[in-house]
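Numbering-wise, the sequence shown is residues 36 to 427 according to the working numbering. Okay, structure first, notes after.
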Amino acid sequence: MAPSEHVMWEKPSQDIDRRLNDDEINAKYEKRELRIVTEMNREQLPNFVKALEREDWMELRPFYQRRARWDTVRQSRLIESFIMNIPVPPLFVYESDLAKYEVMDGQQRIAAIRDFYSNKLTLQGLDQWPELNGRIYDKLPTEIRKGIDRRSISYIVLLKESAVTTEEEALLRQQVFERLNTGGIKLSHQEIRNCIYHSKFNSLLLDLVKNSIFRAAWGLPQYTKEEETNPPDDLLTSPVYAQMRDVEIAARFFALRHVEHYQRGMTGFLDLYYVRARKFSDDDLLVLRDLFDRTLELVGKIYGEHLFRPWEADGAQWSKRPQVAFADAVMVGFSRHLDRFETLVSRSEAVLEGTKSLFMKNPAGTFTGQRNTKKDVQDRIKLFDDMLGEIV
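Written out as structure tokens, the structure is:
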């Protein structure tokens, strides 16, 4: 465990399941619990773009770490909407400090507007104004530029008064973001997590999943710096990458090492771990990085090309595909025996046979996620851990 992990569960999470009577419900409402305080602002486009240049005014960084982005045609059609004066939905931002904001919904619109005014966007695919295709802002006819410059963008601000504690703040932002996430491309739970729980821990995960053993196991090509700005097509078409499932798999490893505290289902448990991991220090992150890398090195040496792939008892062969729930058991189990690294490597055949035996002796679905209650999650990790314990 990293130092901070030893105390991260000392404060119990809010009991969300307890039933309240009418008096308690009324008292909760009067205290303004779970009631959002907002205000509406509006800026003309040139002024808005200028304001974005101010340091610490509007933080886009959490969203820059999202992997899916609007293409040029979709950006261009937003600009065409401004030309035609079609109403554009407001942005939604969170007031992280007085007059300092973090974007919760609308990063793609902001990026399109900023790219347009900086002449980085060449208009394409316009339906109503095809005459403007191929042009940048500076090359537009004078009257068109004047018309666009008169348009405004609105943004709704979720004020700091909406939450009292930092944990309430993070969970509130999650609730708001999920409710805003109803149009366009539906985001996965992990993409939402990545956007609103920005922290050093989240940055660590984004770095850890570049590990060559990890990427090979999940069918991803080896990492190159080019993918940060221009991902190849085979990455963009992979749900593991595009929906950030690889990051979620890494997060599950760290969270499920605390499986005795498992609550709220897998999604809720990961959310809670993310919230509390925001307090991790640099020293904590160094411990976690080393733990992840050494565990992957160990399991890679033992399973090789079959890493995270269940044993199919009926066909007497390793599955052709990795499975997330099985990966949970493998990673957490081996992380508890890193002090016997060389012993486990020398007894690789015993580990492989022990793994096969687990699939043959236990009910179908035990290690493949088909059985996913709290007890199921705890049992499969314990079964795998016990198997390794017997071997060493």
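Ideal Cβ placement from N, Cα and C applies to all residues, glycine included.
Any idea if Ala399 is buried or exposed, counting beta-carbon neighbours within 10 angstroms, 16 or more meaning buried?
exposed
Local Cβ density within 10 Å of His41, reported as buried at 16 or more and exposed below that:
exposed
Are the CB atoms of Gly389 and Glu425 nearer to each other than 9 angstroms?
yes
Applying the 10 Å Cβ sphere with the 16-neighbour rule, what's the burial state of Met139?
Result: buried.
Whole-angstrom distance between Leu326 and Ala37, CA atom to CA atom:
As the crow flies, the alpha-carbon of Ala37 is around 9 angstroms from that of Leu326.
Just to check my reading of the structure: Glu115 and Gln163 have Cβ atoms closer than 8 angstroms, yes? What is that Cβ distance to the nearest angstrom?
6 angstroms
To the nearest angstrom, how far is the alpha carbon of Leu113 from that of Ala251?
38 angstroms
Tell me, which residues are paired with Ser116 by DSSP?
None, per the DSSP bridge assignment.
So, for Lys245: in the same chain, excluding its five sequence neighbours on each side, which residues have a beta-carbon less than 8 angstroms away from its beta-carbon?
Tyr258
On a CA-only basis, which of Glu261, Ala290, Trp253 is nearest Ser273? Give me that one, please.
Trp253
Could you give the distance in angstroms between the alpha-carbon of Asp150 and the alpha-carbon of Ser247?
34 angstroms
Separation of Arg324 from Phe289, as counted between CA atoms:
10 angstroms
Only counting the same chain, and skipping five residues up and downstream in sequence, which positions put a Cβ closer than 7 angstroms to that of Pro124?
none
Determine the direct distance from the alpha carbon of Phe236 to that of Val282, and round the result to whole angstroms.
The straight-line gap from Cα to Cα measures roughly 11 angstroms.
So what does DSSP say about Tyr308, is it helix, strand or coil?
It is helical.
Checking 9 angstroms against the spacing of the C-beta atoms, do Glu137 and His224 come in under that value?
no
Which of the three DSSP states, helix, strand or coil, is assigned to Ile60?
helix
Which partner residues does Asp132 have in the DSSP bridge list?
Lys135
Take the Cβ of Thr330 as the centre, count every other Cβ of all protein chains shown within 10 Å, and call the residue buried at 16 or more, exposed below.
buried
Apply the 10 Å Cβ neighbour rule to Gln298 and answer buried if 16 or more other Cβ atoms are within range, or exposed otherwise.
exposed
Looking at the strands, I want to know which residues DSSP matches up with Asp349.
BP columns for Asp349 are empty, so no partner.
Cα-Cα separation between Asp319 and Ser381, rounded to whole angstroms:
In a straight line, the C-alpha of Asp319 is about 30 angstroms away from that of Ser381.
Compare the Cα-Cα distances from Trp105 to each of Asn407, Trp346, Gly335, Gly141 and report the closest residue.
Gly141
Measuring alpha carbon to alpha carbon, tell me which residue in Glu384, Arg77, Leu194, Ile191 is nearest Arg185.
Arg77
Rounded C-alpha distance that separates Leu271 from Asp58
52 angstroms
Have a look at Lys391 and Leu255 and give me their C-alpha separation to the nearest angstrom.
26 angstroms
Which residues in the same chain as Leu194 place their Cβ atom closer than 7 angstroms to its Cβ, once the five residues preceding and following it in sequence are excluded?
Val72, Thr73, Glu74, Glu130
Assuming Glu332 is part of the alpha helix (DSSP H), what are its boundary residues?
317-338
Residues in its own chain within less than 7 angstroms of Ile51 by CB, not counting five upstream and five downstream?
Residue confidence for Ile51 is low, a pLDDT of 47 falling below 50, so the modelled location carries little weight; the figure read from the coordinates is stated next. Result list for Ile51: empty, nothing under 7 angstroms.
With a CB to CB cut of under 6 angstroms and the five nearest residues on each side skipped, what residues in its chain are close to Val429?
Coverage of the chain is limited to positions 36 through 427, which leaves residue 429 absent and any answer about it impossible.
Taking 9 angstroms as the cut-off, decide whether the C-beta atoms of Leu342 and Gly335 are in contact.
Result yes, Cβ atoms of Leu342 and Gly335 sit closer than 9 angstroms.
Assuming Met395 and Ala348 form a contact by the criterion Cβ under 8 angstroms, report the distance between their Cβ atoms to the nearest whole angstrom.
Right, the Cβ-Cβ distance comes to about 5 angstroms (below 8 angstroms), so this counts as a contact.
Shortest alpha-carbon distance to Asn407 belongs to which of Asp363, Leu373, Glu377, Asp374?
If we check each option's Cα against that of Asn407, Asp363 comes out closest.
Measure from the alpha carbon of Trp346 to the alpha carbon of each residue in Phe361, Glu332, Leu333, then state which is nearest.
Phe361
If the criterion is Cβ atoms closer than 9 angstroms, does the pair Leu305 and Arg292 meet it?
It is not a contact, given that the beta carbons lie outside the stated cut-off.
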